[in-house]
DNA sequence: ACAATACTTAGGCATTGACCTAAGTATTGA
DNA sequence: TCAATACTTAGGTCAATGCCTAAGTATTGT
């Protein structure tokens, strides 16, 4: 398996582009071929293909080719790494802020006693 | 307020860099000055400052300068947009996969009846 | 067989991103 | 006051990204 940090790099990078996020959203509805995916975008096909390549390389989607048609689909577990990092961050922040809160509360209480 | 999609762009983009993610992790522990944040990195200060600028521009952190020291801190709510997008995606995927599951289950049941 | 379809590869060009050094500016401690 | 400290600005290089056109290759319908 690749480095944890590098995986996060490429996942965040992949989703930093609106075209690629839209592709992901479209694939939520089910698998689709290259041309189906490309259709809504006003972009040359080779340019669009690069986006699909980015999504596939970071593991968010997979594809197989049958005949002359390549079909893409989501890899549902692929978001987990990012979700966990975000979840983790927010947990830590919140805990720290809670501690700060109770500290300030405690401080206020003591000040009151000293009145 | 800025566009929803553009905000996601800049948030994902900001977190696509390991240096910037490490800064965020460090700031989870509490506010810190530029030089405190820069210290672990083997990087010229101006280069590092650019990272801080990116984090501030996308709203993940804020800073104030007192005397000659600039102090950075997290903006706890800043991750929400991303978390919601991810949450949403995963919800949709999962629901679709569940439906597929029950469809396949149903199919199998009917095949069994036709035996 | 051969034209149409569905990608694929190759190569080019402009912008952005991540780094650097060098030279500022603004505070602060001695 | 003047040197040290803590950034800040300016500008320059190099690689990666996002787009393009032109020219492939492999399948499939007629």
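Chains as they are written, first to last, in our numbering: chain A, 128 to 242; chain B, 128 to 242. Think of the CB as a built atom: it goes at the ideal place given N, C-alpha and C, for glycine as much as any other residue.
At a beta-carbon threshold of 8 Å, the residues of chain A lying near residue 132 of chain B are 145, 148, ordered along the chain.
Within the same chain, and ignoring the five residues on either side of residue 164 of chain A in sequence, the residues whose Cβ sits closer than 8 Å to its Cβ are 150, 153, 154, 175, 179, 199. With contacts defined as CB atoms closer than 9 Å, residue 189 of chain B and residue 170 of chain B fail to qualify as a contacting pair. Within chain B, the residues whose beta carbon sits less than 8 Å from that of residue 157 of chain A are 223, listed in sequence order. Listed along chain A are 139, 142, 143, each with a C-beta nearer than 7 Å to that of residue 139 of chain B. For residue 135 of chain B, the enclosing alpha helix (DSSP H) stretches over residues 131 to 142. In this model, residue 232 of chain A and residue 207 of chain B are separated by some 26 Å (Cα to Cα).
Comparing C-alpha distances from residue 134 of chain B to each of B/195, B/166, B/184, B/143 shows the shortest one belongs to B/184. Taking 8 Å as the upper bound for CB-CB distance, residue 203 of chain A and residue 224 of chain B are in contact here, some 6 Å apart.
At least one beta carbon of chain A lies nearer than 9 Å to the beta carbon of residue 152 of chain B.
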